[in-house]
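K.L.:
Below you will find the structure I want to go over with you.
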Amino acid sequence: MDIITMDDLQQFKTEMLNEMKNILKNNIGTSSKSWLRSAEVRKMLNISPGTLQNLRINGNLPFRKVGGTMFYSREKIEKMMEGK
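Numbering (UniProt numbering), first residue to last: 1 to 84.
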């Protein structure tokens, strides 16, 4: 039978915290964002700025303009990609 010491618990805690930080760091800015900027949408769809503008003009991709920045709903983009 192994005995767990306070040092063992402290080491385990440190390792768990580091692992959680890595997971959070890798997930921030990806799928957790519900609103995307134009550059992120272009990269996600692999399209040019002109194509993105055409999608906006034709009403195929709804957007919101806040200040001078356009934001797009990740959910709407995913639905558009699925053809819904």
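Using N, Cα and C, we set each Cβ at its ideal position, and we do this for glycine too.
Does DSSP put Leu61 in a helix, a strand or coil?
P.N.:
Against the sequence shown, residue 61 aligns to sequence position 61. It is coil, neither helix nor strand.
K.L.:
With DSSP as the reference, please indicate the residues paired to Arg37 in a beta bridge.
P.N.:
Looking up residue 37 in the sequence shown gives position 37. Paired residues: Phe71.
K.L.:
Can you tell me the Cα-Cα spacing of Lys33 and Ile4, whole angstroms?
P.N.:
Within the sequence shown, numbered from 1, the residue matching residue 33 stands at position 33. Within the sequence shown, numbered from 1, the residue matching residue 4 stands at position 4. So the two alpha carbons sit approximately 41 Å from each other.
K.L.:
Between the segment 72-82 and the segment 32-52, can you find at least three pairs of beta-carbon atoms closer than 8 Å?
P.N.:
The segment 32-52 vs the segment 72-82: in contact.
K.L.:
Among Lys43, Glu82, Gly68, whose alpha-carbon lies nearest the alpha-carbon of Asn60?
P.N.:
As a working mapping, residue 60 is identified with position 60 in the sequence shown. Considering only alpha carbons, the answer is Glu82.
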